[in-house]
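Written below as structure tokens is the structure these notes are about.
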Amino acid sequence: MGDDMATRQSDDAPLAASKRSDAAAAAIADLIEGKGGTIIGRAVTINRPVGEVYSYFRDFNNLSTFMGNVERIDILDDARSHWVVKAPAGKTVEWDARVTQEEKDRLIAWTSEPGADVENSGVVEFRDAGPRGTVVTATIVYDPPAGVIGKLVAKVFQREPAIQARRDLRRLKQLLETGEIATGAHTHAELEQRKG
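In this note's numbering, the protein residues as written are 313 to 508.
Rendered as structure tokens:
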């Protein structure tokens, strides 16, 4: 795993975007228990020290502050949590997640427990980028509910994990760099107030 870890750290690209798919697959297999058939990867550079970014992310109570589809996360113990997440058509999906590997200021890997509505596993890596701050890379493996059809429906409703991961990482960046998450200038409620 040493060579794979060194390769990952020399590149800001997520494992899922690697041109060397064999190396990416081996590195993912080392960190992720592989629950799921669809892999996504996203990365963002946050202008904050790696310890601060890691600590904020590791407190799972903070995740709903920037993860748009998360309704709630119940902390069960240091390694386990229960997730309730919005799905298309006003539905929710739930699962218990277990931290499978953790290295302070470097990575957190997890997997869903048996019985999950959406089987998933993944790893979030944190890399010190010097004066640029911290590169956060999320690699997620999941099985969309209802397979390919479910994935297409989720995309239409903007709840597909690849879309949401990009947005969530951007919101994490905004929150940690500025203390708030930017929203659209005119929400639906504001527009209705102006009409009245």
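All residues carry an ideal CB built from backbone N, CA and C; glycine is no exception. Everything numeric in this text was worked out from a predicted model, so none of it was measured.
Residue i, buried or exposed, once every other Cβ within 10 Å from all chains shown has been counted against 16
i: Glu489; result: exposed
i: Lys403; result: exposed
i: Asp386; result: exposed
i: Arg256; result: Here the chain has residues from 313 to 508 only, and residue 256 is not among them.
i: Gln470; result: Caution applies to Gln470, whose pLDDT of 45 falls short of 50 and renders its modelled position unreliable; the model cannot decide the point.
i: Ala399; result: buried
Whole-Å CB distance - residue i paired with residue j, under 8 Å assumed
i: Asp429; j: Glu406; result: 5 Å
i: Arg360; j: Gly445; result: 5 Å
i: Ala450; j: Gly363; result: Their Cβ separation, rounded to whole angstroms, is 18 Å, which puts Ala450 and Gly363 out of contact at 8 Å.
i: Phe378; j: Arg483; result: 4 Å
Bridge-paired residues (DSSP) for residue i
i: Ile493; result: In the DSSP output, where bridge partners are listed per residue, Ile493 has none listed.
i: Glu437; result: Leu419 and Thr449
i: Gly442; result: None; Gly442 has no bridge partner.
Cutoff 8 Å; reference residue i; Cβ partners in own chain excluding five residues on either side
i: Asp408; result: Leu388, Arg392, Ser393, His394, Trp395, Ser424, Glu425, Gly427 and Ala428
i: Ala494; result: Gln486
i: Glu502; result: Note that Glu502 scores 48 on pLDDT, short of 50, meaning its location in the model is unreliable; the coordinates nonetheless yield the value given after this. Cβ within range, chain order: n/a, list empty.
i: Glu492; result: Gln486
Contact set for residue i: own chain, Cβ-Cβ below 6 Å, skip 5 residues either direction
i: Val397; result: Asn381, Val382 and Val405
Residue i and residue j closer than 9 Å at C-beta
i: Val435; j: Val448; result: no
i: Val365; j: Asp390; result: no
i: Ser376; j: Arg384; result: yes
Residue-chain proximity (residue i, chain D), Cβ-Cβ < 9 Å
i: Leu487; result: This model lacks chain D altogether, as it is built from one protein chain only.
Neighbourhood of residue i by C-beta distance below 7 Å, restricted to the same chain and skipping five residues each side
i: Asn374; result: Tyr368
i: Asp417; result: Val362, Gly363, Tyr366 and Phe438
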